[in-house]
Amino acid sequence: QAKAAGRNTYCVYEPQMSEMAALRVELEQSFKRALAENEFELYYQPQQDFETNGIRGVEALLRWKHPSHGYISPADFIPIAEQTGFIVELGEWVLRKACQFIVRMSENGFIPFKVCVNISAMQLTRFDFVDMVFRCLAEEGARPDMLELEITETMLIGSLDSSIEPLLLLKERGIHIALDDFGTGYSSLNYLRKLPINHLKIDKSFVQDIVGNPGEQEIFNSIVDLVHKLKLTVTAEGVETEEQYAFVKQGGCNYLQGYYFCKPITEEAVVLFLKSKKV
Ligand code: C2E
Ligand code: MG
Ligand code: MG
Ligand code: MG
Numbered sequence: 293q294a295k296a297a298g299r300n301t302y303c304v305y306e307p308q309m310s311e312m313a314a315l316r317v318e319l320e321q322s323f324k325r326a327l328a329e330n331e332f333e334l335y336y337q338p339q340q341d342f343e344t345n346g347i348r349g350v351e352a353l354l355r356w357k358h359p360s361h362g363y364i365s366p367a368d369f370i371p372i373a374e375q376t377g378f379i380v381e382l383g384e385w386v387l388r389k390a391c392q393f394i395v396r397m398s399e400n401g402f403i404p405f406k407v408c409v410n411i412s413a414m415q416l417t418r419f420d421f422v423d424m425v426f427r428c429l430a431e432e433g434a435r436p437d438m439l440e441l442e443i444t445e446t447m448l449i450g451s452l453d454s455s456i457e458p459l460l461l462l463k464e465r466g467i468h469i470a471l472d473d474f475g476t477g478y479s480s481l482n483y484l485r486k487l488p489i490n491h492l493k494i495d496k497s498f499v500q501d502i503v504g505n506p507g508e509q510e511i512f513n514s515i516v517d518l519v520h521k522l523k524l525t526v527t528a529e530g531v532e533t534e535e536q537y538a539f540v541k542q543g544g545c546n547y548l549q550g551y552y553f554c555k556p557i558t559e560e561a562v563v564l565f566l567k568s569k570k571v
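So the sequence shown is numbered by full-length UniProt numbering: it starts at 293 and just counts up by one.
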């Protein structure tokens, strides 16, 4: 970071920072081993459908069970995996696991059901990304219409135009495309206008400030209305309390994802959760 700041600036170096830098180098060097030793796992967070009160599907969320550091958050290691390029290999592993999960869900009769997978910019703009997705689906025997790929606005900075074609190819095959963390980027409306998407997820920062805050409520409801006018569907992320739940529901939001409904859980727990919610 000091280097990126340029020659004429200086950086206060605290011991904490050098420890973080050391951890970073350590993680960087252990990615390959971690993949080979099965230290990565997928957790799944259910999404509720307001219309049916049932479950729309789940978002697959990566977990790293490190032998000496315990569970490491994806928020900490995904950026490093992106910088080193390892995300390409890791992202393919995630997609394959998600396809295998789709097959087990359909074998269990949980249809319709969406499995949502986060994608990094570096993956999407690779020449072979679309083929890789089709190959994974075909080799695992997974239905394309059960897969939803989540892209974020911030990741597309500088690569908006080159993202459109691969997204269109994926969409043509019935794969759903969702815009994640909506509202946190610099030109959200531009992305909404240009990208071929089916679905939008309103970032949790909007939901967190909503209760007792009329201005925030207006913004939230206006996004929902806009999304519906564009014939897309919308999920509220990060719903934690009953008040937040009640608000996003009255606003006509289609789905919710948040601790209020369910935390990210293991596949076993997902199956139990689905069975317990079945009427
Ligand atoms: P995201 O895609 O926006 O995923 C939602 C995050 O919000 C998850 O954090 C989830 O655990 C958390 N969350 C869900 N409900 C609540 C709630 O009610 N309150 C709060 N405070 N948080 C909630 P997680 O699992 O730590 O993942 C963080 C980010 O890491 C994800 O954000 C996504 O951008 C990235 N990520 C995770 N898995 C993958 C992956 O397989 N590939 C890529 N490229 N990125 C991933
Ligand atoms: Mg996501
Ligand atoms: Mg999100
Ligand atoms: Mg995020």
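Idealized CB from N, CA, C, for every residue including glycine. From a predicted model like this one, the values you see are computed outputs, not experimental measurements.
Residue i: first and last residue of the uninterrupted beta strand (DSSP E) it sits in
i	result
His-468	468-474
Ala-538	Note, Ala-538: premise wrong, no beta strand (DSSP E); alpha helix (DSSP H) at 534-542.
Glu-341	Reading off the sequence, residue 341 comes out as Asp, not Glu. Counting along the chain, the beta strand (DSSP E) containing Asp-341 begins and ends at 332-341.
Ile-443	439-444
Cys-408	406-410
Ala-352	347-358
Val-526	525-529
Leu-548	547-549
Tyr-363	362-364
Cβ neighbours of residue i in the same chain (closer than 8 Å, five flanking residues each side left out)
i	result
Tyr-547	Gln-339, Gln-340, Asp-341, Phe-342, Arg-348, Thr-525, Val-526, Thr-527, Ala-528
Lys-389	Leu-334, Ala-352
Cys-428	Glu-384, Leu-387, Arg-388, Cys-391, Ala-434
Tyr-363	Arg-355, Trp-356, Lys-357
Between the CA atoms of residue j and residue i - distance to the nearest angstrom
i	j	result
Ala-328	Pro-366	18 Å
Gln-293	Met-397	Confidence at Gln-293 is low in this model, with a pLDDT of 42, below 50, so the placement of that residue should be treated as unreliable; the coordinate-derived value is given next. In a straight line, the C-alpha of Gln-293 is about 44 Å away from that of Met-397.
Gln-549	Ser-568	18 Å
Leu-522	Arg-316	42 Å
Asp-423	Arg-325	26 Å
Lys-570	Cys-391	23 Å
Phe-378	Pro-506	44 Å
Leu-448	Ser-480	11 Å
Glu-311	Glu-331	23 Å
Lys-357	Lys-486	38 Å
Lys-555	Val-350	11 Å
Pro-436	Pro-488	17 Å
Leu-460	Ile-370	26 Å
Ile-475	Tyr-483	Rather than Ile, the amino acid found at residue 475 in this sequence is Gly. The alpha-carbon atoms of Gly-475 and Tyr-483 are separated by roughly 10 Å.
Ala-313	Val-519	41 Å
Glu-381	Arg-355	15 Å
Ser-514	Ala-430	40 Å
Lys-463	Glu-399	24 Å
Gly-477	Asp-368	19 Å
Glu-442	Ser-360	31 Å
Glu-457	Met-438	21 Å
Phe-402	Ser-322	37 Å
Gln-500	Phe-512	11 Å
Ile-502	Asp-517	16 Å
Gln-308	Arg-418	36 Å
Gln-509	Leu-452	29 Å
Ile-394	Thr-446	28 Å
Neighbourhood of residue i by C-beta, 7 Å cutoff - its chain only, sequence neighbours within 5 removed
i	result
Glu-320	Ile-372, Thr-376
Glu-532	Gly-550, Tyr-551, Tyr-552
Val-386	Leu-334, Ala-352, Leu-354, Val-409
Leu-416	Ile-443, Ser-455, Pro-458
Element boundaries [alpha helix (DSSP H), containing residue i]
i	result
Ala-561	559-569
Lys-496	496-500
Met-397	379-399
Ile-515	506-521
Ile-449	Note, Ile-449: premise wrong, no alpha helix (DSSP H); not H, not E.
Arg-485	480-486
Glu-431	421-432
6 Å Cβ shell around residue i - same chain, five flanking residues per side excluded
i	result
Glu-440	Lys-406, Cys-408, His-468, Ala-470
Thr-444	Asp-472, Asp-473
Ala-538	none
Leu-492	Leu-471, Phe-474, Val-519, Leu-524, Val-526
Gly-298	Bear in mind that a pLDDT of 48 at Gly-298, under 50, signals an unreliable position, so the model cannot answer this.
Chain B within 8 Å of residue i, Cβ atoms only
i	result
Gln-500	Annotation note: the requested chain B is absent from the structure, which comprises a single protein chain.
* Report all residues for which the CB-ligand distance to some heavy atom of ligand 2 is below 6 Å; order them along the chain. => Put simply, the residues with a CB less than 6 Å from any heavy atom of ligand 2 are Glu-351, Asn-410, Glu-442, Asp-472, in chain order.
* Asked: Do three or more CB pairs link the stretch 527-543 to the stretch 559-567 at distances below 8 Å?
  -> no
* Any chance the stretch 492-506 sits against the stretch 459-469, with 3 or more Cβ pairs inside 8 Å? -> no
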